[in-house]
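Worksheet: one structure, shown below.
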RNA sequence: CGGGGCGUGGCGCAGUGGUUUAGCGCGCAUGGUUCGGGACCAUGAGGUCGUGGGUUCAAAUCCCACCGCCCCGACCA
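Numbering (the numbering used here), first residue to last: 3 to 574.
Shown next, in the form of structure tokens:
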């Protein structure tokens with residue numbers, strides 16, 4: 003492909019809407035173009051990357067006997083009503099009507115369509131297991147699209163679905179996917195970890211996330227420095243450090259204008275673990291609840307949701323005032339026996355604690371949870387902190403920022419039951435199909451490669467997903483000798499099977515080199531009058547910055563060698 | 001949805017009531033000199049100043065409403 007005839011528009015300056023590294027690079031290099039918030043055109047360079055990623059995914063999915071199909075991007079309301087998700091999905095779902103006023107959605111995911119297909123096509127245990135997958139556009143009206151292509155409203159996902167007779171079959175399909183995913187991300191040249199994850203509203207089964215460690219990721223991971231425990235902070239558990247204080251009688255203490263943990267600890271000169279934070283949550287049509295957490299920890303709302311159900315939100319100041327008779331910052335559990343009170347298990351047997359006095363400007367000292375509070379249930383409700391100890395090995399755990407690349411989970415029968423996707427087993431008994439669901443965000447792989455592999459000059463694409471193998475830079479393209487040599491070089495490289503982008507624009511060398519660095523093709527070959535005089539062509543490796551020279555007759559062999567070297571660095 | 005910021009040629013920005021033709025850099029077009037890490041000269045094209053309303057003799061500039069985009073938070077199968 004010729005550079006000057008292609009739809010490549012590199013930008014010399016950073017577009018102002020881009021703040022994260024991947025977003026800046028993808029825009030500046032002319033890989034993507036934003037059309038609306040969270041909606042992009044994938045320009046030729048970006049699309050070639052996505053195609054290469056798709057191919058890797060296809061190869062690995064086919065290897066585990068996945069069958070590629072394509073489901074519609076649009077589907078009728080009725081299917082979603084059967085599963086209950088027409089309601090559940092709420093505003094995140096794009097909805098539309100046809101001319102006859104029939105309602106549809108733009109699919110945010112495809113479990114319903116899969117279950118619908120299965121109920122029509124799967125009859126017997128003899129038809130199972132199945133793995134169906136597609137690479138397709140998804141639509142989610144995210145409340146806040148961000149970071150370019152990382153969280154967008156229209157994006158490409160490889161989603162697959164396993165159908166099995168029983169739990170053992172599901173386990174097998176799940177493990178096949180886990181292995182396939184490891185290969186996929188490795189082949190794409192990414193650094194990633196596999197962590198325990200929350201399955202959210204999708205189901206209650208086991209769930210793993212494939213996470214890329216990148217600065218400024220949307221997720222936080224808890225990683226044990228000693229053993230292999232890795233978990234999303236949403237589900238991570240750790241051994242908290244216990245703290246004990248002298249058991250003294252309950253007494254009120256004046257703490258004027260001291261509301262936050264920090265203010266109170268500084269004012270009273272006590273450590274944060276001497277405090278009990280009281281968090282009041284309300285929900286529509288449910289009893290309000292009080293959560294107690296030690297002062298040095300934060301509440302993990304995912305854990306709360308799993309314990310008491312979804313829908314709870316922090317209460318408003320007015321609600322707090324009316325129930326506790328005090329402003330936020332001064333509320334506490336003492337004397338609130340009529341409320342349901344859930345306490346973090348680090349507070350079990352806690353005594354001598356300080357907490358809100360349910361009176362403006364006052365806290366109480368000497369709180370003994372067993373004596374003064376009627377706790378409904380103790381449970382792990384805290385967010386793991388850096389430095390907490392691992393439950394498995396006691397090692398120190400740290401918290402890292404990460405980006406979700408893929409998510410696999412065991413769905414079970416949620417959709418097969420609600421949509422009636424059943425099969426007859428060996429005994430002729432009708433049973434619901436056991437499903438699994440597995441996703442990979444294609445753009446996220448592209449963006450993540452930018453985050454992990456680029457440098458201050460531009461992108462550095464892993465050879466496996468680069469839009470081209472070779473960037474051919476032709477200097478002084480109007481000189482006859484250069485014209486002739488470059489024509490020969492193009493013929494040689496193309497014949498050898500390389501994909502080549504040819505930059506023979508009549509602009510200065512610096513512009514071409516800078517554009518090449520920005521676009522990030524792994525191998526750059528330079529043809530110019532100086533080199534030709536010495537019978538030399540330059541081969542420059544984008545990743546390492548090393549430059550080799552080769553004669554025209556050595557060129558292809560040298561490029562093949564470099565390409566293999568780059569592949570080996572990825573695949574080991 | 002809460003908080004903050006921004007909308008001016010393709011891109012990045014300046015201009016915050018009054019030199020009647022709205023600037024600058026980059027890019028773009030034409031001609032010429034250059035040519036191994038973002039060259040130079042000359043000429044030129046390109047703008048409903050986000051949209052609508054209002055104030056005023058006069059609005060890119062002041063007021064109101066709306067729209068769009070970005071960031072933080074909430075939310076996120």
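Ideal Cβ positions, reconstructed from N, Cα and C, are used throughout, including at glycine. If you're wondering where the values come from, they're calculated on a predicted model, not measured in any experiment.
Fewer than three beta-carbon pairs drawn from the segment 242–255 and the segment 402–417 are found closer than 8 Å, and the two stretches are therefore not classed as touching. Contact between residue 70 and residue 136 holds: their C-beta atoms lie close to 6 Å from each other, under 8 Å. Ranked by Cα distance from residue 457, the options 323, 516, 445 are led by 516. Distance from the Cα of residue 390 is smallest, within the candidate group 571, 225, 326, for 225. For the pair residue 530 and residue 484, the Cα-to-Cα distance works out to about 6 Å.
Counting every other CB atom within 10 Å of its CB across the protein chains shown gives residue 234 a total of 16 or more, marking it as buried. For residue 123, the closest of 425, 544, 554 by C-alpha to C-alpha distance is 425. Under DSSP, residue 213 forms a beta bridge with 195, 406. Taking 8 Å as the cut-off, the Cβ atoms of residue 291 and residue 283 count as close. At a Cβ-Cβ threshold of 8 Å, residue 108 and residue 141 count as neighbours. Of the candidates 573, 524, 528, 528 places its Cα closest to the Cα of residue 552. Under the three-state reduction of DSSP output, residue 463 falls in the coil class, being neither helix nor strand. Contact annotation: the segment 356–365 touches the segment 247–261, with at least three C-beta pairs closer than 8 Å. Rounded to the nearest whole angstrom, the CA to CA distance from residue 568 to residue 199 is 33 Å. Per the coordinates, the alpha-carbon of residue 95 lies some 50 Å from the alpha-carbon of residue 354. For residue 529, DSSP records a beta bridge to 476. Around the Cβ of residue 475, a 10 Å sphere holds 16 or more other Cβ atoms; the residue is buried.
Counting C-beta pairs closer than 8 Å gives three or more between the segment 379–397 and the segment 297–305, which meets the contact rule. For the pair of segments examined, the segment 80–94 was found to touch the segment 411–427: the number of CB pairs separated by less than 8 Å reaches three. Nearest to residue 115 by alpha-carbon distance, out of 154, 188, 437, is 437.
Rounded to whole angstroms, the separation of the alpha carbons of residue 447 and residue 55 is 8 Å. Beyond the five residues adjoining it in sequence on each side, residue 560 comes within less than 7 Å, by CB distance, of 541, 550, 552 in the same chain, given in chain order. Linking residue 393 to residue 45 through their CA atoms gives a straight-line distance of about 48 Å. The three-state secondary structure of residue 412, taken from DSSP, is strand.
Only residues of its own chain outside the window of five on either side were considered, and among them 412, 438 have a CB closer than 6 Å to the CB of residue 176, listed in chain order.
The Cβ neighbour count for residue 480, taken over all protein chains shown within 10 Å, is under 16; the residue is labelled exposed.
The C-alpha of residue 402 lies about 9 Å from the C-alpha of residue 388. Straight-line measurement puts the Cα of residue 75 at about 60 Å from the Cα of residue 367.
When C-alpha distances from residue 441 are compared across 338, 8, 337, 210, the shortest belongs to 210. As a beta-bridge residue in DSSP terms, residue 284 pairs with 315. Taking a cut-off of 8 Å for Cβ pairs, the segment 125–132 and the segment 161–170 touch, as three or more such pairs fall below it. In this chain, the beta strand (DSSP E) harbouring residue 107 covers 105–108. Membership of residue 190 in any alpha helix (DSSP H) is not indicated, and neither H nor E is assigned to it by DSSP.
Put simply, the backbone Cα of residue 512 is about 18 Å away from that of residue 32. Secondary-structure assignment with DSSP links residue 43 through a beta bridge to 35. Looking at the DSSP output, residue 278 shares a beta bridge with 296.
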